[in-house]
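Report on the structure given below.
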Amino acid sequence: MSEIHLIYEHKKIESYWQEKWSQKNLFSTNNIKNPYYVLEMFPYPSGRIHMGHVRVYTLGDVLARYKRAQGFDVLHPMGWDSFGMPAENAAIENNIHPREWTKKNIQNMKTQLKSMGISYDWNREISTCEPEYIKEQQKIFIKLFNANLIYKKESWANWDPVEGSVLANEQVIDGKGWRSGAPVEKKLLNQWFLAITKFALPLLDNLSELNEWPENVKVMQKNWIGQSIGAKLSLKIKTNKIVTNTDMIEVFTTRPDTIFGASFVAIAPDHNLSKQLAEQSAEISNFIKEWKKSFISEEDLDKAPKNGLFTKLYVLHPFTNKALPIYIANFVLSSYGTGAVIGVPAHDQRDYEFAKKYNLKINEVIQNTKEKQNTILQKAYTGDGKLINSDFLNNMTVNEAKVEIVKRFEQKGIGKKDIKFRLRDWCASRQRYWGCPIPIIYREDGKVLPVEQSELPIELPEDVDFSKGGNPLENHPTWKFTRCKKTGLKAIRETDTLDTFFDSSWYYLKFLSPKSDTNLKSKLIERWCPVHQYVGGIEHAVLHLLYSRFIVKALNSINEIDINEPFKGLFCQGMVCHKTYKDETGKWVFPEDVVKNNNQLIHKSTGKKVFAIKSEKMSKSKKNIVDPVSIIENYGADTARIFMLSDSPPERNLDWSNSGIEGSRKFIVKVWSYFNKLKLNDQDIEKTASPENNNSSDLRKQLHLCIEKVTKSLDNFQYNVAVASLREFANYFFTLTLKDNNILHEALSKWVIMMSPLAPHLAEELWQLLGYKNLVSEQKWPRYENKFLTEENINLIVQINGKKKLIINIKKGLTKEQTERIVLENRAIIKIIESNNYKKIIVVPDRVVNLVI
RNA sequence: GCCCACUUGGCGGAAUAGGUAGACGCAAGGGACUUAAAAUCCCUUGUCCGUAAGGACGUCCCGGUUCGAGUCCGGGAGUGGGCACCA
């Protein structure tokens with residue numbers, strides 16, 4: 022029999038089915054009977070997709086297609102996080118307008134995303150730089166402004182000298198700009214802040230309700246918010262000859278129970294009192310000057326020695342009336358708590374180090390009850406124990422003492438319970454052009470006012486000059502000059518633009534009304550939100566995800582929205598990694614330039630030795646990027662998708678390998694060739710629908726096992742296991758033909774439906790080869806039936822002392838006694854128990870029998 | 001330093017409730033087809049002993065609970081991530 026040599030033309034096949042889906046408008050929904058909102062973090066339009074995008078969008082698409090097959094009304098939109106620095110850099114470097122550059126990039130990336138065959142509803146496409154988006158965002162800004170949740174304040178900002186802009190705290194990594202890598206400087210600026218700290222407690226508390234979020238993300242947010250429960254306490258300054266307008270110092274402590282161990286008070290160098298003292302003392306002002314210099318280099322903070330300067334002032338201990346010296350100390354932060362601490366060297370490591378250095382008393386007040394330790398402390402003891410040397414607190418536990426001492430503070434009117442957070446308000450000002458304009462005017466009479474609703478959106482001027490550096494909006498000849506609509510008074514526009522994290526903190530709401538005004542109180546939001554499943558990188562664990570939660574809570578608190586959390590389910594995928602190589606000089610080498618010669622790695626063209634470094638996240642600088650566009654071109658989207666889903670669990674890192682992508686391709690071609698050989702027409706379908714015979718019962722069992730495994734794996738985000746189960750079943754049916762199995766057609770049909778979320782183009786092609794005229798993307802997900810899974814016989818494991826000795830195939834459902842008899846009558850077992858009388862027998866019916874000898 | 005996660009063959013990884021460890025794939029080796037190669041197909045592949053039948057060991061290390069532990073508990077090591085003078 023001559024066989025026609027077939028070639029799997031992925032380009033033709035994939036574009037054909039993409040066109041079909043689009044014609045049928047298959048992925049568009051306006052039904053909200055059974056809503057399921059799948060969202061992947063939208064990309065910055067850099068112009069080219071990378072493997073990280075391929076992975077996250079494949080994962081999201083599998084879920085969207087799977088849920089659609091299960092009968093959900095799936096919302097699966099895509100848009101563009103299109104404001105931000107790179108567009109402005111491109112404008113400066115290539116003399117192209119940011120808008121033009123961005124639009125071109127969006128076009129390119131959209132084409133690339135479309136070639137992946139993802140089931141997006143492109144009718145809902147949004148872009149954060151468009152007027153419709155800006156308008157809604159400015160409305161939100163004004164709402165928050167009017168509710169006093171946005172305010173302006175002068176503050177030390179992290180100034181990135183390369184970007185020429187401020188950075189949020191979380192955009193500073195190791196004292197360097199997160200994007201530019203330049204050392205960050207301190208600069209005093211008047212900037213807009215969002216009052217996220219007002220929501221610190223609900224942001225923290227509601228984490229426990231997010232039970233479909235990964236635990237590690239919640240832990241990161243918890244640490245980021247950083248709640249400390251303690252007490253604040255006012256201490257009276259003993260002699261106040263020098264300072265006239267301060268006679269109390271307020272301190273915050275989480276260990277009020279150790280109050281009797283206090284031996285000093287330390288204040289921050291930029292504490293108010295320090296500033297006042299500096300005016301009168303050259304020594305103090307010099308100390309502060311020195312501190313300011315070291316303030317800029319923030320590295321090795323823990324290694325930095327603890328320095329302090331005695332102010333010659335004392336406070337009075339509130340209970341013993343003893344005088345405690347006041348120090349100005351470099352380890353006290355003005356930005357946390359009250360900028361002043363009470364030093365208890367015996368029970369705080371920092372205080373301990375400080376006390377050792379300046380010869381201050383170390384008074385032990387907590388006794389470790391578990392281990393008897395020497396009174397000569399080697400380091401501070403911070404654990405639990407019994408209070409000693411503490412007057413009325415003696416013999417209490419730490420927790421009892423905390424409660425009691427706060428009571429005493431309150432009685433004396435000197436302090437009370439207090440909670441502090443590490444979280445800082447969100448600085449949302451950027452001194453940049455390519456961002457959402459802040460809808461605020463400064464009127465000539467000094468009033469700071471939001472722009473009138475009717476004037477929205479405030480758009481960016483198109484004619485800008487980037488050549489001068491600095492903020493182009495500030496430098497624009499006319500844009501910022503305006504008038505107050507109500508009074509006609511002259512006014513100047515705010516020239517700062519918004520941090521792009523503001524743009525991305527509410528975009529999931531905009532998808533619900535992409536083309537019209539967004540009504541935050543609409544039924545649409547109530548029905549579709551919170552997003553059922555959000556998918557994205559863990560790098561956004563605290564920034565984007567916390568800001569989004571805050572925006573929703575802030576709007577909710579002023580009754581502008583009815584939801585309280587933006588994302589019900591969250592999934593964080595791992596990175597895509599690839600081998601890296603370095604040559605002897607330490608320079609990165611492209612993996613494709615490395616060849617193996619006599620068991621040594623050498624550079625293809627130079628012949629020099631190279632060394633394999635571990636697999637790392639794909640990045641340009643490490644030269645280990647694999648371009649998805651060329652992979653899709655050469656292998657097809659389905660091959661790329663299958664590779665992305667195989668082997669590694671989605672939450673872990675995925676190692677790119679050429680053999681892996683080849684393997685995926687082989688699988689696809691093999692399946693397709695098999696279906697081609699079976700090719701059917703309508704009549705054949707009817708023929709195969711003959712009554713079942715014995716031959717097919719095993720196939721049916723295997724099929725239902727496969728359906729069960731795939732369904733459960735997909736439900737648990739174990740996409741690698743789903744692929745494995747689908748391949749396992751394929752290995753089984755590859756050996757079958759329609760002639761000898763009358764339910765093969767049905768089995769293959771169900772298998773193809775299960776393949777369709779993973780490799781949708783291939784699945785459509787196979788569906789057609791099975792003789793169907795409709796689309797597999799419209800089919801219902803198959804159900805597994807337990808009646809086909811129940812087996813007549815099972816393999817009973819027989820163990821001796823817990824070690825597997827024998828497997829007996831017996832009838833399922835036998836009683837304990839029946840099972841025991843079968844085992845004890847088994848010849849091999851008799852042999853064993855004849856020589857060693859057994860002491861005990863454990864029988865778990867249908868599973869295991871264990872003989873103890 | 002503090003907090004969290006992870007550790008299973010040569011590699012990526014499977015393993016409802018503690019009950020056949022290594023599914024599925026990659027790599028490797030052998031064979032078939034071919035003038036040859038590629039492609040494809042078939043077989044082998046945790047380690048050790050044994051010609052074999054078979055046996056012993058084996059899920060980072062040490063200990064515990066249990067008839068039975070990759071899975072539960074205690075201690076330790078290593079890797080990765082987050083926070084880091086936060087009082």
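Just so you know, we're using our numbering here: the first sequence kicks off at 22 and counts up by one.
We put the beta carbon where it would ideally sit given N, CA and C, even for glycine.
| Item | Value |
| --- | --- |
| Where D703 falls: helix, strand or coil (DSSP) | Reliability of the predicted coordinates at D703 is poor, the pLDDT of 49 falling under 50, and the value obtained from them is presented with this limitation in mind. Residue state, collapsed to three classes: helix. |
| Touch test, the region 499 to 517 against the region 449 to 464, Cβ-Cβ under 8 Å, three pairs minimum | yes |
| Status (buried if at least 16 other CB within 10 Å, exposed otherwise) for E320 | At E320, the pLDDT of 46 sits below 50, so the modelled position is not reliable and the matter cannot be decided from this model. |
| For V865: DSSP bridge partner residues | V869 |
| Per-residue DSSP class, three states only, for K41 | helix |
| Spatial distance of K801 from Q91 (CA atoms) | 6 Å |
| Three CB pairs or more closer than 8 Å across the region 199 to 218 and the region 167 to 177 | yes |
| Straight-line Cα distance separating F750 from I25 | For I25, the pLDDT reaches just 46, beneath the cut-off of 50, and the residue's location in the model is therefore unreliable, leaving the point undetermined. |
| Between the CA atoms of E114 and W455 - distance to the nearest angstrom | 15 Å |
| Contact under 8 Å by Cβ, Y78 with M130 | no |
| Boundaries of the beta strand (DSSP E) in which Y65 is found, first to last residue | First-last for Y65: undefined, no H or E at that position. |
| Those residues which DSSP pairs with I440 across a bridge | I250 |
| Backbone CA spacing between E610 and F664 [nearest angstrom] | Note that residue 610 is Val in the sequence shown here, rather than Glu. Between V610 and F664, the C-alpha separation is close to 25 Å. |
| Buried versus exposed, by CB contacts within 10 Å (16 or more), R69 | exposed |
| Proximal residues to L576 (C-beta, below 8 Å), its chain only, five neighbours per side dropped | I161, K164, L165, L541, I582 |
| Cβ shell of I34 (< 7 Å), same chain only, five flanking positions each side left out | H782, E786 |
| F487, DSSP secondary structure in three states | coil |
| D659 beta carbon less than 8 Å from that of I689 | yes |
| Residues of its chain near S526, where Cβ-Cβ distance is below 6 Å and the 5 sequence neighbours each way are ignored | Y568, S569, I572 |
| Inter-residue Cα distance where the pair is A85 and S777 | 11 Å |
| The beta strand (DSSP E) enclosing N144, as first and last residue numbers | Unbroken run through N144: none, as it is neither H nor E. |
| Which of helix, strand or coil DSSP assigns to K219 | helix |
| Stretch pair the region 474 to 486 + the region 425 to 443: three plus CB contacts closer than 8 Å | no |
| CA-to-CA distance, N380 to P366, given in whole angstroms | 11 Å |
| Beta-carbon proximity check, N10 vs D486, cutoff 8 Å | Outside the modelled stretch of the chain, which goes from 22 to 874, sits residue 10, for which no answer is possible. |
| Assigned secondary structure, P119 (DSSP; H/G/I helix, E/B strand, else coil) | helix |
| L224 beta carbon less than 8 Å from that of K574 | yes |
| Burial state of I317 (16 or more Cβ within 10 Å) | In this prediction, I317 scores a pLDDT of 47, lower than 50, which makes its location untrustworthy; the coordinate-derived value is nonetheless stated afterwards. Exposed, since its Cβ has fewer than 16 Cβ neighbours within 10 Å. |
| Cβ-Cβ separation, N674 to M596 (assumed contact under 8 Å), whole Å | 5 Å |
| Residues near P612 in its chain [Cβ-Cβ closer than 7 Å; skip 5 each side] | H599, K600, Y602, N645 |
| Neighbourhood of M141 by C-beta distance below 7 Å, restricted to the same chain and skipping five residues each side | The residue you asked about is not Met; residue 141 is Tyr in the sequence shown. The residues are F48, H97, P98, M99. |
| Whether K290 touches A252 by CB criterion (8 Å) | Before going on, a small fix: residue 290 reads as Pro here, not Lys. Contact: no. |
| Cβ neighbour criterion (16 or more within 10 Å) applied to R804 | exposed |
| The region 722 to 733 touching the region 803 to 819, judged by at least three CB pairs closer than 8 Å | yes |
| K32 versus I584 - alpha carbon distance | 44 Å |
| Buried versus exposed, by CB contacts within 10 Å (16 or more), G557 | buried |
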